[in-house]
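Just so you know, the protein sequences line up as chains A, B and C, in that order. End of the first sequence = 253 in the numbering used here, gap-free, step of one. End of the second sequence = 1236 in the numbering used here, gap-free, step of one. End of the third sequence = 2428 in the numbering used here, gap-free, step of one. Beta carbons: idealized from backbone N, C-alpha and C, even for Gly.
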Amino acid sequence: MTCEAFSSGSSYLHRADPRVKILCAIFYSVVVACLSGMPLQYAAFIFSAILLSTARIPFRMILRRLAVVNVFVLALWLVIPFSTPGHVLFHAGPLDVSSEGICAAFSITLKCNAIIMANLALLSTSSMFSLAHSLAHLKVHSKLVQLFFFTWRYLHVLEDEHRRMVQAIRIRGFSPRTDMLTYRTYAYLVGLLFVRGYERGERVYKAMLCRGFDGTFWLLHHFHLHGRDIILAVVMGLVTVALAGMEWMGIPH
Amino acid sequence: MDGNTSLIHLENINFSYSSGQLVLDDVNLTMEEGARIALKGGNGAGKTTLFHIILGLIRPLSGSVTVMGRTCVGEEDFKQVRRQVGLVFQDPDDQLFCPTVIEDVAFGPLNMGLKSSEAIERADSTLSSLGISHLRDRVPYRLSGGEKRLVSVATVLSMKPDVLLLDEPTVGLDQWVTERLIRVIRDYPCRGLLLISHDSRIADALTTRSLVLKGHKIEEECLAVNSQSRVSVSGS
Amino acid sequence: MHISEGVLTPEILVIGAAGAAVGLAIGLNGLKSEDIPKVALLTAAFFVASLIHVPVGPSSAHLILNGLLGVILGWQAFPAIFIGLTLQAVLFQFGGLTTLGVNTMNMALPAVLAGFVVRPFLKSGRPTPLALIVSGLMAACCIMLSALMVSLALAFSGQGLEAIGKLIFMVHIPIAAIEAVITASVVGFLLKVKPEVIVGEQMNRKQDTKGRTGVAAAVLLFLSLFAVPAHAHKVNVFAWYDGSKVELEGYFSSGVKAMSSPVTVTDEAGKEVFRGKTDDKGRLSFVPPGKGKYHVVLNAGMGHMAETDVEVDTEPVGKAGGVAAPATEKTLPQTQARDKSVEPAGSVRGAAPVASGAASASELQACVTPHEMEQILDQRLSPIRRELMVLAEERDKIGMSDVISGFGYIMGLMGIALYISVKRKENS
Ligand SMILES: Nc1ncnc2c1ncn2[C@@H]1O[C@H](COP(=O)(O)OP(=O)(O)O)[C@@H](O)[C@H]1O
Ligand SMILES: [Mg+2]
């Protein structure tokens, strides 16, 4: 998996407190998702791009990520301009292209990319474990944090097991086809994955019991707010509030 | 009952998993003060199961478990047992779940009620005694097999258990890590050691006596060859 | 099957988040501390399994397996799916933060329902043919339900997205078939190899006592999901010609007026003849350039559009004088004030004064031609038209959907309350 590809680095955003980044990401994303006017969407898009550039992630890697996401957006472009009723701009064969449709598709493109870029900048620059830690510090339901945490921890182990199983069936001549044998093989693979997961889950819990676990997780890492975190919070907060305020008051139209 | 002298005493233990297949049939085991025992037996003989019964991770269908003179009945009894008896699991990945090595090693001490500064101190000293201080801030799941094994041993030793149970600790380790592990365990001042291993290098180096789990029962193993090699290693 | 950022309307996002919060609260509430590693590992297994691509003819599809997850985990499918989606959002930017709630709902609710239906058949712990058939069928239903929910979420977010929704639904029909086969085989495998994975969980949770309320909660949650947006987000436009100008009014099914929404009017040739915005009351009037049929499009934002045709069968009276629509549009505050002053006389007459000024000249003439007669009638009938419109609004407003959507909101609030209480309990 190309996991956590962006989490190592030394940029301003990499060093920022993940708690602040999580909160900023959530509020900013929600506000951008609610923007209805094109100028504000543009503004958000540009701001996100600037934010992302401060994370100093290699440009090509960013493009690759955005390309994948925009496949979905492209699918929208192939449908919305034709399917949205409204003022007909021109005819493409039997289909009418409406200006409203083009606007709608464009606004989705802007918002989607604005949010994704912001989240790349704010969330992908932290490791999953430090995000989990922050969630615990942000008082998210502890069971949810623990689930998140264990899932992430053992994802790799199960993935390894899965890879080994696939290799094992490959060397016995398996090649996927559209037939029952293939589906049954995959079903067994999935079944085995669940069995392994279940058994390992039991063992992990036993191992924790052996080390005196009685339901409390002790947080060893404590985050400290630095000046830079406060600056980030203030900048993000101002931008978010400004966007929300202008949207609320309906300017500019 | 000779609770005063024996560290672990199992009496008439019967066990089978929910599939119904018998695993342990009327098993008796006594581990005296200072005993260093190797437990052998084929794959699936029930060795791991026996370890889990000692620590109360699974409960026998019948029979009694006595550890350090305390006959264990409920979860509270076994909680106490788990502070005194350290179990190193067969698969280090089962044991290491924290994001950093230091947190994993401090996990046990924290649960024992140490303050976080003390726990970290204890974890650090354990790591340095095993010579793996450099792994302190690494992510456990990205360690090599040998490093994972050493860290998993550290997570147990940091709780300073009186008795050590090791479940096939050398599977997949190279000569070098195996020797290092042997040194670590030998230097640890424990009152008793129970080791599952098919690896004669570690069994010969660390234990003085062998038991075999066979046909759902425990038997004493007596092989002259073994005792000779044991003498030579323990003298080194 | 995740919906990306920036596509859905805020209403849908909020509903999704509220629903997911309820599901999460129930799931976490029923999750025992000692089961956390196990559920997490099963979540991880599910995540890995969902990366498997199976061939479907020349193409391939990745497994979804939410039905299977529901069978294995029950309500814990909610946290499991939520975590899976969070990981995908952060790691691969699939789905997204704001759509997390909606996507969780779409996947987890059918999963929980499937679990409730299938589990009683698996109680015996033996892979009977019936058990496998039911698992397979429910897995397929589960996928189709998820696809339906995705389609509806899209459809409610804009008319242009409806087509995509339909497309998504169609695409999932073959996937549902594959999921049915695979889920049935996996269930058979698990019952043979390690029945605890399915049955053990079930025994732990004492499903029997909670089962029925659980089903009721899941069904309610499901229905509320459909009802709320249906209710809140259909925009309508009414237009009529009163002899001098075309009047129109836009409103949402909820009765809220479509205020300051852009309106475009085109003639039969597709040429734009008028462009303006509705006022605070969602109204707008304009003088058509001449006889003919006009197409009115009202855009209420976020891809919500309503359209209607209006027939102008006489030369507009006001045309020569040029009194005009621009006036109505530009002097917005005035219109507002006048409307207010008329209000006590009865809202039925609300629109009448607008027309009266223009028509009064012809009214004074003694001799009434049939043509003028028609005009006067039109004028007199306009209040009645308004009345009809109000009735139509009322008809749209009240219905089963209101009742259920009310439930939806209550459930959402209850969910939040439950979540807080669970947290409190945990802290103490
Ligand atoms: N969780 C379990 N559920 C059912 N059967 C099990 C479980 N764990 C082990 N067994 C079975 O119990 C027997 C003993 O297993 P184990 O104690 O792990 O053997 P050993 O450690 O000696 O190789 C084996 O036959 C194994 O298949
Ligand atoms: Mg074993």
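Spatial neighbours of residue 2017 of chain C in its chain, beta-carbon cut-off 8 Å, leaving aside the 5 residues before and after: Position 17 of the third sequence, counting from 1, holds the residue named residue 2017 of chain C. Result list for residue 2017 of chain C: 2100, 2101, 2102, in chain order.
Which class does residue 2355 of chain C belong to by DSSP, given the choice of helix, strand or coil? As a first step, residue 2355 of chain C must be located in the third sequence, where it is residue number 355. Any reading at residue 2355 of chain C needs caution, since the residue's pLDDT is 43, under 50, leaving its predicted position unreliable; the model's value is listed next. The answer is helix: DSSP assigns residue 2355 of chain C an H, G or I state.
Just verifying my parser: in three-state terms, what is the DSSP assignment at residue 2206 of chain C? Residue mapping note: residue 2206 of chain C aligns to position 206 of the third sequence, counting from 1. Summary for residue 2206 of chain C: the model assigns pLDDT 47, below 50, so the residue's position carries little reliability; its value from the coordinates is reported in the next sentence. In the structure shown, residue 2206 of chain C sits in coil (DSSP, three-state: anything other than H, G, I, E or B).
Inspect the CB distances between the stretch 2102–2120 of chain C and the stretch 2063–2077 of chain C and report whether three or more fall short of 8 Å. yes
Run through chain A and tell me which residues come within less than 8 Å of residue 1010 of chain B, C-beta to C-beta. Translated into positions along the second sequence, residue 1010 of chain B becomes position 10. In chain order: nothing, as chain A lies at least about 18 Å away.
With which residues is residue 1221 of chain B paired in a DSSP beta bridge? The residue labelled residue 1221 of chain B in the question sits at position 221 within the second sequence. DSSP, once it has assigned bridges, lists B/1210 as partnering residue 1221 of chain B.
Element boundaries [alpha helix (DSSP H), containing residue 186 of chain A]: Locating residue 186 of chain A in the first sequence gives position 186, where the first residue counts as 1. It spans 180–210 - the alpha helix (DSSP H) in which residue 186 of chain A sits, taken as one unbroken run.
Exposure of residue 218 of chain A, with buried meaning 16 or more beta-carbon neighbours within 10 Å: Position 218 of the first sequence, counting from 1, holds the residue named residue 218 of chain A. Exposed, because fewer than 16 other Cβ atoms sit within 10 Å of the Cβ of residue 218 of chain A.
Quick one, which of C/2119, C/2180, C/2156, C/2134 has its alpha-carbon nearest residue 2144 of chain C's? Residue 2144 of chain C sits at position 144 when you count from the first residue of the third sequence. Nearest of C/2119, C/2180, C/2156, C/2134 to residue 2144 of chain C, Cα basis: C/2180.
Residues within the stretch 149–161 of chain A neighbouring chain C, beta-carbon criterion of under 9 Å: 149, 150, 151, 152, 153, 154, 155, 156, 157, 158, 159, 161
Between C/2096, C/2026, C/2008, C/2161, which has its C-alpha nearest residue 141 of chain A's C-alpha? Counting from one through the first sequence, the residue named residue 141 of chain A turns up at place 141. Looking at the Cα atoms, C/2026 is the closest of the given residues.
Any C-beta of chain A sitting closer than 7 Å to the C-beta of residue 2020 of chain C? Counted from its first residue, the third sequence places residue 2020 of chain C at position 20. So no, residue 2020 of chain C is outside the interface.
Residues around ligand 2, please: the ones whose beta-carbon is closer than 7 Å to some heavy atom of it, in chain order. B/1047, B/1048, B/1090, B/1167, B/1168, B/1196
Residue 1056 of chain B: which of B/1081, B/1111, B/1026 sits nearest, CA to CA? For the purposes of this step, residue 1056 of chain B is taken as the residue at position 56 of the second sequence. Ranking the options by Cα distance to residue 1056 of chain B, first place goes to B/1081.
Proximity test, residue 974 of chain B beta-carbon vs ligand 1 heavy atom, cut-off 6 Å: Missing from the structure shown is residue 974 of chain B; chain B here goes from 1001 to 1236 and no further.
8 Å contact criterion, which residue 43 of chain A and residue 243 of chain A should meet: CB distance rounded: Looking up residue 43 of chain A in the first sequence gives position 43. Looking up residue 243 of chain A in the first sequence gives position 243. That pair is a contact at about 7 Å.
Chain-ordered residues of the stretch 160–189 of chain A with a beta carbon less than 8 Å from chain F: Note that chain F does not occur in the displayed structure, where the protein chains are A, B and C.
What are the partner residues of residue 2286 of chain C, as DSSP defines its beta bridges? Counted from its first residue, the third sequence places residue 2286 of chain C at position 286. Per DSSP, C/2246.
Quick check: is any heavy atom of ligand 1 less than 6 Å from the C-beta of residue 2114 of chain C? Taking the third sequence and counting its residues from 1, the one referred to as residue 2114 of chain C is at position 114. For ligand 1, not one heavy atom lies less than 6 Å from the Cβ of residue 2114 of chain C.
Does the beta carbon of residue 1082 of chain B come closer than 7 Å to any beta carbon on chain A? Here residue 1082 of chain B refers to the residue found at position 82 of the second sequence. Interface residue, yes.
Pull up the CB-CB distance for residue 1168 of chain B and residue 1185 of chain B, whole angstroms please, since I reckon it's below 8 Å. Taking the second sequence and counting its residues from 1, one reaches residue 1168 of chain B at position 168. Taking the second sequence and counting its residues from 1, one reaches residue 1185 of chain B at position 185. Not a contact, Cβ separation roughly 13 Å.
Go ahead and label residue 1071 of chain B buried or exposed: buried means 16 or more other beta carbons lie within 10 angstroms of its beta carbon, across all protein chains shown. Sequence index remark: in the second sequence, residue 1071 of chain B carries index 71 (1-based). With fewer than 16 Cβ atoms within 10 Å of its Cβ, residue 1071 of chain B is classed as exposed.
Per DSSP, the bridge partner or partners of residue 1006 of chain B: Counted from its first residue, the second sequence places residue 1006 of chain B at position 6. Bridge partners of residue 1006 of chain B: B/1032.
In angstroms with no decimal places, state the Cα-to-Cα distance between residue 2163 of chain C and residue 126 of chain A. By 1-based counting over the third sequence, the position of residue 2163 of chain C is 163. By 1-based counting over the first sequence, the position of residue 126 of chain A is 126. Each residue's Cα considered, the two are about 38 Å apart.
Confirm the yes/no value for this check: CB of residue 195 of chain A, any heavy atom of ligand 1, distance under 6 Å. Here residue 195 of chain A is taken as the residue at index 195 of the first sequence, counted from 1. No, the Cβ of residue 195 of chain A stays beyond 6 Å of every heavy atom of ligand 1.
May I ask you to verify whether the stretch 1029–1041 of chain B touches the stretch 1209–1221 of chain B, counting CB pairs closer than 8 Å and requiring at least 3? yes
From the beta carbon of residue 2140 of chain C, is the nearest beta carbon of chain A less than 7 Å away? Taking the first residue of the third sequence as 1, we reach residue 2140 of chain C at position 140. Chain A, which has no Cβ nearer than 7 Å to the Cβ of residue 2140 of chain C, makes this no.
Closer than 7 Å, CB to CB, is residue 210 of chain A near chain C or not? As a working mapping, residue 210 of chain A is identified with position 210 in the first sequence. For residue 210 of chain A, the answer is no, since every Cβ of chain C falls outside 7 Å of its Cβ.
State the start and end residues of the unbroken beta strand (DSSP E) segment that holds residue 2309 of chain C. Locating residue 2309 of chain C in the third sequence gives position 309, where the first residue counts as 1. Taken as a continuous stretch (DSSP letters only), the beta strand (DSSP E) holding residue 2309 of chain C covers 2305–2312.
Interface flag, residue 203 of chain A vs chain B, CB-CB below 7 Å: The residue you call residue 203 of chain A lines up with position 203 of the first sequence. By this cut-off, residue 203 of chain A is an interface position.
Between the stretch 114–124 of chain A and the stretch 152–170 of chain A, do at least 3 Cβ pairs fall closer than 8 Å? no
Consult DSSP for residue 2184 of chain C and reduce its assignment to one of helix, strand or coil. One-based indexing of the third sequence puts residue 2184 of chain C at position 184. Here residue 2184 of chain C sits in helix by DSSP.
Where are the beta strand (DSSP E) runs, 3 residues long or more, that stay fully inside the stretch 34–89 of chain A, in chain order? none
Helix, strand or coil at residue 2008 of chain C [DSSP, three-state]: By 1-based counting over the third sequence, the position of residue 2008 of chain C is 8. Looking at residue 2008 of chain C - three-state DSSP - the assignment turns out to be coil, as it is neither helix nor strand.
Answer with yes or no whether the minimum CB distance from residue 1108 of chain B to chain A is below 7 Å. Locating residue 1108 of chain B in the second sequence gives position 108, where the first residue counts as 1. It does; some Cβ of chain A falls within 7 Å.
Residue 227 of chain A, enclosing alpha helix (DSSP H) - first and last residue: Counting from one through the first sequence, the residue named residue 227 of chain A turns up at place 227. Residue 227 of chain A -> alpha helix (DSSP H) spans 227–249.
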